[in-house]
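S.K.: Sharing a structure, written as structure tokens. Questions coming.
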């Protein structure tokens, strides 16, 4: 909220994703169910489409850019049975803790925030972490974010979540006059990762999985943090390692 305005995609993500699909083969509404491995090297993935079609997709390398528990589930069956400590490394990946996150974006028929105050943060223990306007000209659109341990016990219903969000914000701002005209909600159980004690040692053990399963790269918010910049940094690091593996002649 330090900026009055910032660049956003004028026409949404659809043109961006369409352009991406025009250059790269993609599989929408498809869930990866496992890795294919030959002689200790990852050769692709097994997947299933929304219609139930089973697919085997081959690749020179596989990057798992997913939350740590999902990556652990996909790699667990391929840990070499000869080394018990490798099983412990897989457990390290699966043991990375996550807290759920829920988001409500609500639109009102008039501004909720004024020009001086466009966001509020809430104290620890409150299920609502923050509430803020989209910008100086979008003070009628409010983004409510729920995060932390308290989210685990929140009601699952969207209406209940919206009611709770407005109750918490209404204790500080007048919400009796603005009329809500629409709202959308989203909840992710693996929303924000928590660093483990001695996290660098945890990462060292996790990185061993990539070495034991050649042509596999593991990246996600557990590597450098949950911010967009941190996720990009982690992805760049992992992709550089993959490229060096595939093209060993490049320094």
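Residue numbers (the UniProt record's numbering): 1 to 251.
Note that beta-carbon positions come from the ideal geometry of N, C-alpha and C, so glycine has one too.
Values in this document were obtained by computation on a predicted structure and should not be read as measured data.
Have a look at residue 98 and residue 195 and give me their C-alpha separation to the nearest angstrom.
M.R.: The sequence position of residue 98 within the chain shown is 98, counting from 1. The sequence position of residue 195 within the chain shown is 195, counting from 1. Going from the Cα of residue 98 to the Cα of residue 195 covers about 9 Å.
S.K.: List the DSSP bridge partners of residue 130.
M.R.: Mapped onto the chain shown, residue 130 falls at position 130. Partner(s): 121, 145.
S.K.: Taking all protein chains shown into account, do 16 or more other C-beta atoms lie within 10 angstroms of the C-beta of residue 125, making it buried, or fewer, making it exposed?
M.R.: Taking the chain shown and counting its residues from 1, one reaches residue 125 at position 125. Residue 125 comes out exposed.
S.K.: State the start and end residues of the unbroken beta strand (DSSP E) segment that holds residue 55.
M.R.: Looking up residue 55 in the chain shown gives position 55. Looking at the DSSP string, the run of the beta strand (DSSP E) that includes residue 55 is 54-58.
S.K.: Pick out whichever of 229, 136, 219 has its Cα sitting closest to the Cα of residue 241.
M.R.: Position 241 of the chain shown holds residue 241. Of the listed residues, the one whose Cα sits closest to residue 241 is 219.
S.K.: Measuring CB atoms only, is the segment 227-239 touching the segment 136-146, in the sense that at least three cross pairs come out at less than 8 Å?
M.R.: The answer is no - the segment 136-146 does not touch the segment 227-239, with fewer than three Cβ pairs under 8 Å.
S.K.: Using only alpha-carbon positions, find the residue among 193, 137, 201, 127 that is nearest to residue 167.
M.R.: Taking the chain shown and counting its residues from 1, the one referred to as residue 167 is at position 167. Closest option to residue 167, Cα to Cα, is 127.
S.K.: Report the residue from 73, 62, 70 whose alpha carbon sits nearest the alpha carbon of residue 243.
M.R.: Counted from its first residue, the chain shown places residue 243 at position 243. Checked all of 73, 62, 70; the closest Cα to residue 243 is 62.
S.K.: For residue 101, which residues in the same chain have their Cβ closer than 8 Å to its Cβ, ignoring the five residues on either side in sequence?
M.R.: On the chain shown, residue 101 is found 101 positions in, with the first residue counted as 1. So the list reads 145, 146, 147, 151, 187, 188, 191, 192, once near-sequence residues are dropped.
S.K.: Which residues share a DSSP beta bridge with residue 19?
M.R.: By 1-based counting over the chain shown, the position of residue 19 is 19. For residue 19, which the question treats as bridged, DSSP gives no partner whatsoever.
S.K.: Helix, strand or coil: which one does DSSP assign to residue 232?
M.R.: Numbered from its first residue, the chain shown carries residue 232 at position 232. Correct three-state label for residue 232: helix.
S.K.: In this structure, does DSSP put residue 212 in helix, strand or coil?
M.R.: Residue 212 sits at position 212 when you count from the first residue of the chain shown. Residue 212 falls in the helix class under three-state DSSP.
S.K.: Reducing DSSP to helix, strand and coil, say where residue 28 ends up.
M.R.: Looking up residue 28 in the chain shown gives position 28. Residue state, collapsed to three classes: coil.
S.K.: Quick one: grab the DSSP three-state call for residue 95.
M.R.: For this step, residue 95 is matched to residue 95 along the chain shown. If DSSP states are grouped into helix, strand and coil, residue 95 belongs with coil.
S.K.: Return the first residue and the last residue of the alpha helix (DSSP H) that residue 183 is part of.
M.R.: The count along the chain shown starts at 1 and reaches residue 183 at position 183. From DSSP, residue 183 is part of no alpha helix (DSSP H) but of the beta strand (DSSP E) over 180-193.
S.K.: Span of the alpha helix (DSSP H) holding residue 71?
M.R.: For the purposes of this step, residue 71 is identified with residue 71 of the chain shown, where counting begins at 1. 68-75 is the extent of the alpha helix (DSSP H) around residue 71.
S.K.: Rounding to the nearest angstrom, what Cα-Cα distance links residue 84 and residue 71 in this structure?
M.R.: Residue 84 sits at position 84 when you count from the first residue of the chain shown. Residue 71 sits at position 71 when you count from the first residue of the chain shown. Interpretation of residue 84 is limited by its pLDDT of 47, a score under 50 that renders its predicted location unreliable; the figure taken from the coordinates is listed afterwards. So the two alpha carbons sit approximately 19 Å from each other.
S.K.: Is the number of C-beta pairs between the segment 170-178 and the segment 43-51 that are closer than 8 Å three or more?
M.R.: The segment 170-178 vs the segment 43-51: no contact.
S.K.: Taking only three categories from DSSP, how would you classify residue 137?
M.R.: The sequence position of residue 137 within the chain shown is 137, counting from 1. Looking at residue 137 - three-state DSSP - the assignment turns out to be coil, as it is neither helix nor strand.
S.K.: Counting only the same chain and skipping the five closest in sequence on each side, list residues whose C-beta sits under 8 Å from that of residue 202.
M.R.: As a first step, residue 202 must be located in the chain shown, where it is residue number 202. Closer than 8 Å at Cβ, skipping near neighbours: 92, 96, 196.
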